[in-house]
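Residue numbers (the working numbering), protein chains in the order written: chain A, 11 to 345; chain B, 174 to 634.
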């Protein structure tokens, strides 16, 4: 079929959709994985409650990863192959970790009680390893798959940074979803992980322009720098503002408990916009741009038609699911 | 050394991943509809026995669904990590089909699953029934898109090649490609039979233990009747599918029948050891003119032989044996389900002889074996092509070295072995606890809210 819009725009639109999916994945599965890592700090009923708080959502949250990587696969097949062969081992490890995380969720509630502990361990380990692998891949991607010692060190740092970020958004999720002592502890976790996240974002933001002249030029050039300055300023303000917010005890009626989660989401979005701006229009730093990597305009238009109809529906029913299971997490039952 | 060839390793890894993955969709596709059936029966009769059945099998569904999701994610990465040539060559066709699978089906299942599993007390009953319907519809739609893509790889049409890359010319032809309808129906019924024998087997196991409850008797009976009705349909559809394959991929059928020469009065080989080097069969036991009768519906029918496709046909042994395993299980399913249906129809579930129940228990996972054997036949039967006549498997494999693939393969195999063991163990645990579960015991008790003791719970209901 003939493309119904200027073929130049198609790869741009798909890069945008893919970016949106990945951002949503990082925020949504980020809180799942963060909660998964935090389960290690609690036990018995509290642990059950933490798992219950993500129970109805994790399946759908993980699906954004399938969509993001699926869009990379179908819209930019060349880049998909290049990126994933470069990241072969971390991807394989992440997949195994995702498998462990996803199934322990079911097994811990259904296996014999004496085995529950084991699945709890698998749940924690799977969440942690997933976050580490994704952070490592983020680092490797930002550096254009450089294999030097310094680069590997940077990747390991990025791995820890993403763990901090996921713990942060997970703690914010818990503040929103639980009450009482557990909520107080979640506030404490959020306070600590907030600074670790801020540090990680600062390191990546400083390292990226130093490593690439092109990215340096994109950021530190008049007049762009004036337009871009609000991004780091907003991020810094939000970090500090949230730190102050967390120091105060939550109100009795708990009506502002959603604020940390919202702020965490905005912070992730800001970080994402920064990385996206640095890279655009490249999919692989300085090597492959979105037009070189794109599938044929015919294929892209037929996917786009479906995506335009379906994405609003997906967003709609994701919101519906969050609305049905709104409010504080309670026990989950099949009743 | 041959065994360390990255191509072979990548193929084994893909086969391991997709074999593990297909086990769970095979269950969820039909189990979704079975659950909808239980739910509708409950809505109509308000009989708690149906809800007992629903509660038990929805847990199996949740577990199978999770296993399917996580192993499916692995699949979507495998294309890039191991087979980059595939999307580079046919991405313009495979891409949209996979995208539609994720967009229309996968999200539908994943989102409404939460409501289906945990929403019973949070949403009105009709919303819960609707969520069950949407999840069942989503899994089936998912199967549709995947089968479309697989069938297009078997019998590609509606495309042209420009600059070495495949471009779509006719999406209608691509979606309704010649082998799609047969493969889709064959797979959907395979899923239904797998679930029927799973439910029958687990229910019979429970019945042998302590008789179970009314829910166990109901599901046992429903599963047996469903199996008895579906198996003849499946044999008929399978025959049509075979004839379709004969028309479009004759070399695959020749390998399935281990028929070397193109000739009339081809015998139906019951047992043989095919020898590809000598291009003949050893120790052959055969029914004269049998294959001609089945494939051409006349004894004098001419059936193509492998020698017409020398160097361009799939390996014979795996196809020959895979096909016999599938058909053998089909025949066993027919015999067992008809006899069981006849017995239950005449004398009721509780009058069933114990050996018959033991037989059903033995066949619990027979659907898995038959489905896997069938897929091995059709997938290995496409070799040496990845997309028939368009892309060879060897040309799609990525640059990743043997050591790397070997380590990831080992990792996957270990994890899959553990998970499969745990999955089956949990299935039996759920079946044992099935009816005994009290109605209002929460899955995750909360100290402040839980009515009962918050100690480590016996059974999260």
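Virtual Cβ for every residue (Gly too), placed ideally from N, Cα, C.
{"Asked": "Given 8 Å, three or more beta-carbon pairs between the stretch 263-277 of chain B and the stretch 285-295 of chain B", "Found": "no"}
{"Asked": "Host alpha helix (DSSP H) of residue 113 of chain A (start-end)", "Found": "98-120"}
{"Asked": "For residue 330 of chain A, the first and last residue of its enclosing beta strand (DSSP E)", "Found": "Note, residue 330 of chain A: premise wrong, no beta strand (DSSP E); alpha helix (DSSP H) at 307-334."}
{"Asked": "Minimum Cβ-Cβ distance from residue 297 of chain A to chain B less than 9 Å", "Found": "no"}
{"Asked": "Cβ neighbours of residue 599 of chain B in the same chain (closer than 7 Å, five flanking residues each side left out)", "Found": "236"}
{"Asked": "Any chain B beta carbon closer than 9 Å to residue 155 of chain A", "Found": "no"}
{"Asked": "Touch test, the stretch 480-492 of chain B against the stretch 548-567 of chain B, Cβ-Cβ under 8 Å, three pairs minimum", "Found": "yes"}
{"Asked": "Among A:258, A:274, A:230, A:240, nearest to residue 249 of chain A - alpha-carbon criterion", "Found": "A:274"}
{"Asked": "Distance between beta carbons of residue 222 of chain A and residue 296 of chain A, contact taken as under 8 Å", "Found": "7 Å"}
{"Asked": "Contact with chain A by residue 208 of chain B, beta-carbon distance below 9 Å", "Found": "no"}
{"Asked": "Members of the stretch 250-277 of chain B that neighbour chain A once the beta carbon cut-off is set at 7 Å", "Found": "250, 252, 253, 254, 257, 260, 261, 264, 265, 268, 269, 271, 272, 273, 275, 276, 277"}
{"Asked": "Under 7 Å by beta carbon: chain A residues contacting residue 341 of chain B", "Found": "308, 309"}
{"Asked": "Contact the stretch 276-286 of chain A vs the stretch 228-244 of chain A: 3+ CB pairs below 8 Å", "Found": "yes"}
{"Asked": "Which residues DSSP lists as bridging residue 378 of chain B, in chain order", "Found": "According to DSSP, which records beta bridges pairwise, residue 378 of chain B is partnered with nothing at all."}
{"Asked": "Neighbourhood of residue 178 of chain B by C-beta, 8 Å cutoff - its chain only, sequence neighbours within 5 removed", "Found": "575"}
{"Asked": "is_contact[residue 246 of chain B, chain A] using C-beta, thresh 9 Å", "Found": "yes"}
{"Asked": "Closer than 7 Å at the beta carbon, the chain B residues around residue 88 of chain A", "Found": "261"}
{"Asked": "Length of the line joining the Cα atoms of residue 188 of chain B and residue 122 of chain A", "Found": "31 Å"}
{"Asked": "Where residue 603 of chain B meets chain A, residues with beta-carbon distance less than 8 Å", "Found": "120"}
{"Asked": "Proximal chain A residues relative to residue 288 of chain B, where beta-carbon distance stays under 8 Å", "Found": "66, 331, 334"}
{"Asked": "Nearest-angstrom Cβ-Cβ length linking residue 582 of chain B and residue 185 of chain B, presumed shorter than 8 Å", "Found": "6 Å"}
{"Asked": "Whole-angstrom distance between residue 172 of chain A and residue 432 of chain B, CA atom to CA atom", "Found": "58 Å"}
{"Asked": "Under the three-state DSSP convention, the category residue 500 of chain B falls into", "Found": "helix"}
{"Asked": "Distance between beta carbons of residue 234 of chain B and residue 223 of chain B, contact taken as under 8 Å", "Found": "At roughly 15 Å, the Cβ-Cβ gap does not stay under 8 Å, so residue 223 of chain B and residue 234 of chain B are not in contact."}
{"Asked": "Identified DSSP bridge partners for residue 453 of chain B", "Found": "B:448"}
{"Asked": "Chain B residues whose Cβ lies nearer than 8 Å to that of residue 130 of chain A", "Found": "In chain order: nothing, as chain B lies at least about 12 Å away."}
{"Asked": "For residue 360 of chain B, the nearest candidate out of B:332, B:387, B:414 (CA to CA)", "Found": "B:414"}
{"Asked": "Member of A:17, A:55, A:217 whose CA lies at the smallest distance from the CA of residue 191 of chain A", "Found": "A:55"}
{"Asked": "Proximity test, Cβ basis, 9 Å: residue 29 of chain A and chain B", "Found": "no"}
{"Asked": "Host alpha helix (DSSP H) of residue 320 of chain B (start-end)", "Found": "298-327"}
{"Asked": "For residue 186 of chain A and residue 259 of chain A, the rounded distance between their alpha carbons", "Found": "14 Å"}
{"Asked": "Range of the contiguous beta strand (DSSP E) that encloses residue 15 of chain A", "Found": "Careful: residue 15 of chain A lies outside any beta strand (DSSP E) and carries neither H nor E."}
{"Asked": "C-beta neighbour in chain A for residue 609 of chain B, strict 9 Å", "Found": "Residue placement at residue 609 of chain B is flagged as unreliable, the pLDDT there being 46, under the threshold of 50; the coordinate-derived value follows with that caveat. False, the Cβ-Cβ gap to chain A never drops below 9 Å."}
{"Asked": "C-alpha gap between residue 486 of chain B and residue 478 of chain B, whole angstroms", "Found": "10 Å"}
{"Asked": "C-alpha gap between residue 346 of chain B and residue 87 of chain A, whole angstroms", "Found": "23 Å"}
{"Asked": "Interface flag, residue 344 of chain B vs chain A, CB-CB below 9 Å", "Found": "yes"}
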